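Each residue of the sequence shown is one higher than the last, beginning at 1 in full-length UniProt numbering. Below: the structure, in structure tokens.
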Amino acid sequence: MGRPFSLEIAIGSLRQTLLMIDLVEQIVRHQLEETVKELGQPKFRAKQLREWIVQKRVDSFEEMTNLPKAFREKLAESCRIWTTTIAKHTTADDGTEKLLVQLHDGGRIECVLLRDGDRRTICISSQVGCAMGCVFCASGLDGVERNLTAGEIAEQMLRLQMLLPEGERLSHIVVMGMGEPLANIDRLLPALDLASSEDGLGISARRITISTVGLPPAIDKLSKLDTRYHLAVSLHAPNDELRTQIVPVNKTIGIQKILDAADHYFEVSGRRLTFEYVLLSELNDRPEHAQQLAKLLKGRPALLNVIPYNPVPGLPYETPTVQAQQRFREILESHGITVKFRHRKGDKINAACGQLRRLSKENLVPLEGMSS
Ligand code: SAH
1 MGRPFSLEIA IGSLRQTLLM IDLVEQIVRH QLEETVKELG QPKFRAKQLR
51 EWIVQKRVDS FEEMTNLPKA FREKLAESCR IWTTTIAKHT TADDGTEKLL
101 VQLHDGGRIE CVLLRDGDRR TICISSQVGC AMGCVFCASG LDGVERNLTA
151 GEIAEQMLRL QMLLPEGERL SHIVVMGMGE PLANIDRLLP ALDLASSEDG
201 LGISARRITI STVGLPPAID KLSKLDTRYH LAVSLHAPND ELRTQIVPVN
251 KTIGIQKILD AADHYFEVSG RRLTFEYVLL SELNDRPEHA QQLAKLLKGR
301 PALLNVIPYN PVPGLPYETP TVQAQQRFRE ILESHGITVK FRHRKGDKIN
351 AACGQLRRLS KENLVPLEGM SS
């Protein structure tokens, strides 16, 4: 007995989708020329195609007016620009925009565009979920599902760039969305290469921040690169006992090894490091913690970025009082540490830390299917 007709069509179109060539992935893998040649076109068409997608922010082949019509039709048949769809697009009063991105296999990630004066900063994800297990973080509550591909990481950048009006450009990137970027470094780097290269997004590497829980072998890999990204290390505790409690992956690593790798990165790159410290009431915000932290960081040309805990529904942690925050700051500053408090933007749209994805999963927010 044959299958119902509609199922056959569905299977056919699924096969068609699976056979599609993913252009963004081709771009980050530097394989576009090859593909264009296979489609019977000269090499320079690859440059034109890349320009349309990366710089001119166009996402339909019809708009690529300097490509021959027959080639555009061929592209439409055999290639796709986006592998993802936008499941939800939220805008906050302060101009922060957040995309909940649905991947081809159903996984969901978040990415954010923040507007601050002239700055247009995007925050992107590197994995679906996270395996690091930081106890206060929403992204890791369900563990890690998979690494994002280089194309999927780059796609977030391009999608967010499309939210800007013509004439505005992205100025900064922080890899602080879902996931541990250095656990997926081999896919992250090609995507960041596109961000930092002149014929890519042209964002200077020092305006691109990789935020990591601190994986020494991967930090060492960064030390060997020619491109000098800004490194932010999520410390969250001044001693191993407390850090292992807050950041379980610390158990097999330890603070010292992370500091050694980070110091080495500073030596070879000359880039001042940032240490991040999420302030959790009564857990890591006490005067003795501030004192230990000052001792640990003293002498390092580093910036301490303190982030008062952003509450995650269902988790038992609390944001320290303004007084406790002030006390923490004063102790560190009295020891000569440069401290900056980061107050999160876009809280009202849950633009922080894997929250939108969880909300939509648990409360089944309907998909709004913005144009893809
Ligand atoms: N895995 C990377 C990127 C994570 S997100 C890392 O660990 O650095 C970027 C920063 O947001 C990290 O410092 C992370 O600890 C912090 N963060 C996560 N959840 C938070 C929350 N609920 N409140 C405040 N900061 C949080």
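Note that beta-carbon positions come from the ideal geometry of N, C-alpha and C, so glycine has one too. Only a predicted model underlies this, so the values are computations on that prediction, with no experimental measurement involved.
{"Query": "Three-state secondary structure (DSSP) of Gly117", "Result": "coil"}
{"Query": "Distance CB(Ile208)-CB(Ser196) smaller than 8 angstroms", "Result": "yes"}
{"Query": "Any 3 or more C-beta pairs closer than 8 angstroms across the segment 175-190 and the segment 35-55", "Result": "no"}
{"Query": "Met157 versus Asn305, Val144, Gly214, Gly202, residue with shortest Cα-Cα distance", "Result": "Gly202"}
{"Query": "Contacting residues, own chain, Cβ-Cβ under 6 angstroms from Ser371 (five flanking each side not counted)", "Result": "Low per-residue confidence applies at Ser371: pLDDT is 24, beneath 50, and the placement is therefore not dependable, though the value from the model is reported in the following sentence. Answer for Ser371: no residue qualifies."}
{"Query": "Own chain, CB closer than 6 angstroms to Ala302, minus 5 neighbours either side, in chain order", "Result": "Leu273, Phe275"}
{"Query": "Of the listed residues Ala131, Pro238, Cys123, nearest to Ser171 (C-alpha basis)", "Result": "Cys123"}
{"Query": "At least 3 beta-carbon pairs within less than 8 angstroms: the segment 278-298 vs the segment 319-337", "Result": "yes"}
{"Query": "Cβ shell of Trp52 (< 7 angstroms), same chain only, five flanking positions each side left out", "Result": "Val58, Met64"}
{"Query": "Rounded distance between the beta-carbons of Asp22 and Gly151, thought under 8 angstroms", "Result": "6 angstroms"}
{"Query": "Assigned exposure category for Pro42 - 16 Cβ within 10 Å defines buried", "Result": "exposed"}
{"Query": "Proximity to Thr319 [Cα-Cα], best of Pro313, Pro308, His289", "Result": "Pro308"}
{"Query": "7 angstroms CB neighbourhood of Val249 in its chain, flanking five on each side removed", "Result": "Met132, Gly133, Val213"}
{"Query": "Any non-hydrogen atom of the ligand SAH within 7 angstroms of Thr35 CB", "Result": "no"}
{"Query": "Chain-order list of residues whose beta-carbon lies under 7 angstroms from that of Val268 (same chain, five-residue window excluded)", "Result": "Ser223"}
{"Query": "Closest Cα partner of Leu297 within the set Pro313, Ile255, Val175, Val54", "Result": "Ile255"}
{"Query": "Pick from Pro216, Arg228, Asp116 that is closest to Ser234, judged by C-alpha positions", "Result": "Pro216"}
{"Query": "Exposure of Gly179, with buried meaning 16 or more beta-carbon neighbours within 10 Å", "Result": "buried"}
{"Query": "Cα-Cα separation, Glu241 to Cys111", "Result": "33 angstroms"}
{"Query": "Bounding residues of the beta strand (DSSP E) (the contiguous stretch that carries Ser211)", "Result": "208-212"}
{"Query": "Boundaries (first-last residue) of the beta strand (DSSP E) holding Gly129", "Result": "127-129"}
{"Query": "Coarse secondary structure for Ala324, derived from DSSP in three states", "Result": "helix"}
{"Query": "Collapsed DSSP secondary structure at Thr338 in the structure displayed", "Result": "strand"}
{"Query": "Whole-Å CB distance - Ile81 paired with Val101, under 8 angstroms assumed", "Result": "Contact doesn't hold; Cβ gap of about 14 angstroms is too wide."}
{"Query": "Same chain, Cβ closer than 8 angstroms to Lys340, neighbours up to 5 away in sequence not counted", "Result": "Leu303, Leu304, Asn305, Val306"}
{"Query": "Reduced DSSP secondary structure (H/G/I, E/B, other) of Ala10", "Result": "helix"}
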